[in-house]
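What follows is a single structure, written as structure tokens, with notes after it.
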Amino acid sequence: MPFLPFTYTPYLSFHYMMFVPYRQSIIIRTALSLAFPCPFNVKYKESFRNEGVYMEGILKEGPRLRLRRAGEADIDYICDLQVAKDNSDYIVPFSRTDHESIIMQAKASMDIIIEERESLERVGYLHVTGLLLASKEQEWTHVIIERKGLGYGHEAMKLLKAWAFEDMGAHRAWLDCKDYNARALHLYESEGMVREALIRETILHRGVYENLVILGILDREYRARKRAGLEL
4 MPFLPFTYTP YLSFHYMMFV PYRQSIIIRT ALSLAFPCPF NVKYKESFRN
54 EGVYMEGILK EGPRLRLRRA GEADIDYICD LQVAKDNSDY IVPFSRTDHE
104 SIIMQAKASM DIIIEERESL ERVGYLHVTG LLLASKEQEW THVIIERKGL
154 GYGHEAMKLL KAWAFEDMGA HRAWLDCKDY NARALHLYES EGMVREALIR
204 ETILHRGVYE NLVILGILDR EYRARKRAGL EL
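Per the numbering used here: the sequence shown = residues 4 to 235.
Written out as structure tokens, the structure is:
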């Protein structure tokens, strides 16, 4: 079964302008969010409008798919997706240890499984970080759809946006994508994400310097799409 990668995670964290490996940037951003948090137990917790479902693991449900928090039983699946042949040019994989830590804590960042509602079969994986930032800005780091050609990428993105902006109270979400990943760029832009920047020759991949496109969406842009009937 072919895999369909939709985004690329750089070793350099552009948005925070920190020239450190991505794993270290996660540690640094987590430490900063803990050192200078928003009043999570009061103000930010209000954004957990669906807190009961969130705590149970189900984040959002759509017509065919649902998003849920990944568990330990999903780690092998996630690791296999990251290193699948069709993904290797687009994804910088996290280690198994990274995923174990992310899944155990699930605070500043989270692994998310995309699965079919009826069969409960897994069809993809997402990684989201920035969940404790006072700025309420999320980074959608990994977006991998295993089953392509079924419209699952569009539904997964709609569910992710609904969860981020409606349930989590996010102000902004962003991601990066290699500039030649035309399929992914089409998906993101058709789902309302705006090209914000081009980082030239920022990644050295197999001896070639490659460009990254930064795309983002704001809460007001999401709500305008919602009013226009373009969201779930």
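Ideal placement from N, C-alpha and C gives every residue a C-beta, glycine not left out.
- Annotation: ARG230 is outside any beta strand (DSSP E); the continuous alpha helix (DSSP H) that includes it extends over 222-230.
- Counting along the chain, LYS164 sits inside the alpha helix (DSSP H) bounded by residues 155-165.
- By the Cβ-count criterion, TYR155 is buried, with 16 or more other Cβ atoms from all chains shown falling within 10 Å of its own Cβ.
- Per DSSP, the unbroken alpha helix (DSSP H) holding SER193 starts and ends at 185-193.
- A residue is called buried once 16 or more other Cβ atoms fall within 10 Å of its Cβ, and LEU129 is buried on that count.
- The way I'd put it, the stretch 109-129 does touch the stretch 68-86; three or more beta-carbon pairs between them come closer than 8 Å.
- DSSP, read as helix, strand or coil, puts LYS139 in coil.
- Close CB contacts of LYS63 within its chain, under the 6 Å cut and outside five residues either way in sequence, are with LEU70, LEU162, ALA165 and TRP166 (chain order).
- The straight-line gap separating the alpha-carbon atoms of GLY133 and GLU169 is approximately 16 Å.
- In this structure, MET160 places its C-beta atom within 8 Å of the C-beta atom of GLU194.
- Cβ contact annotation for GLU199 (same chain, cutoff 6 Å, sequence separation greater than five): ILE217 and GLY219, in chain order.
- About 20 Å separates the beta carbons of HIS157 and ASP222, which is beyond the 8 Å limit, so they are not a contact pair.
- Straight-line measurement puts the Cα of TYR93 at about 14 Å from the Cα of VAL211.
- Of the candidates LEU188, LYS181 and ARG120, the residue whose Cα lies closest to the Cα of ILE202 is LYS181.
- In the three-state scheme derived from DSSP, where H, G and I count as helix and E and B as strand, MET113 is classed as strand.
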